[in-house]
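A.B. asks:
Chains as they are written, first to last, in this note's numbering: chain A, 1 to 117; chain B, 1 to 110.
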């Protein structure tokens, strides 16, 4: 199983960014997926989950409306659209496979998003 | 949803056992059998240790065990090794298709 996040970088406040997570080594189209982030020196924060077929999407209350999770099973890729970025969105963003009990089983290495003017 | 409560630090000596607590509410930990635990070393991605309260994924040593009582879940690491020094996070399903994490516990092996 390999998950490779990309799309992070330094961005200005109030802008948007789309993160990608390229999956390989497993049957992506049958796997639900999570996005989780971690601010520097802080704990893990769950952001969103998407069903295997992309039909069902659920978000953390704190981020609903600013983030959008999506997937393209033909490209084995998961996405996270981040809008109206704020400085406190600065974090490493991880994608992970969802397993039994809603746990996050396999994780990517993360992509760092830095929001700064 | 509020984060689950974990003590910020814990310590133990090699060979000993240490238990981490993770306290939530009846809306998350107490309401579902869906608690998971993760180990994270600095600069690396988390690794799943326990899911559904007490199940271990393939490859996780049986030195790691999970349990739950009421609104509090626990992770016990037996036979502590120096390489167990890491951050440990709990998480729980919190209803309405949400997941909530704890703040993490930093384990120091003395």
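For glycine and all other residues, C-beta sits at the position ideal for the given N, C-alpha and C. It should be emphasised that the depicted structure is a prediction, and the values quoted were computed from it without experimental measurement.
1) For residue 87 of chain B versus residue 66 of chain B, is the C-beta distance shorter than 8 Å?
2) Should residue 40 of chain A go down as buried or exposed, given a rule of 16 or more other Cβ atoms within 10 Å for buried?
3) Just how far apart, CA to CA, sit residue 105 of chain A and residue 12 of chain A?
4) Contact check, residue 45 of chain B vs residue 94 of chain A under 8 Å by CB: the rounded distance?
5) Below 9 Å on C-beta distance, what does residue 61 of chain B contact in chain A?
6) From the beta carbon of residue 99 of chain A, is the nearest beta carbon of chain B less than 8 Å away?
7) Using a beta-carbon distance cut-off of less than 9 Å, what residues from the region 34-47 of chain A approach chain B?
8) Per DSSP, residue 45 of chain A is paired with what?
9) Which word fits residue 92 of chain B, buried or exposed, when buried means at least 16 other C-beta atoms lie within 10 angstroms of its C-beta?
C.D. replies: The answer reads as follows:
1) It is not a contact, given that the beta carbons lie outside the stated cut-off.
2) Residue 40 of chain A is exposed by the Cβ-count criterion.
3) Distance from the CA of residue 105 of chain A to the CA of residue 12 of chain A, rounded to the nearest whole angstrom, comes to 32 Å.
4) That pair is a contact at about 6 Å.
5) Neighbours of residue 61 of chain B across chain A, judged by C-beta separation under 9 Å, do not exist; the nearest C-beta is about 17 Å away.
6) Interface with chain B (8 Å Cβ-Cβ cutoff): residue 99 of chain A is included.
7) Closer than 9 Å at the C-beta level to chain B, one finds these residues of the region 34-47 of chain A: 34, 36, 38, 42, 43, 44, 45, 46.
8) Per DSSP, the beta-bridge partners of residue 45 of chain A are A:37.
9) Buried: at least 16 other Cβ atoms inside 10 Å.
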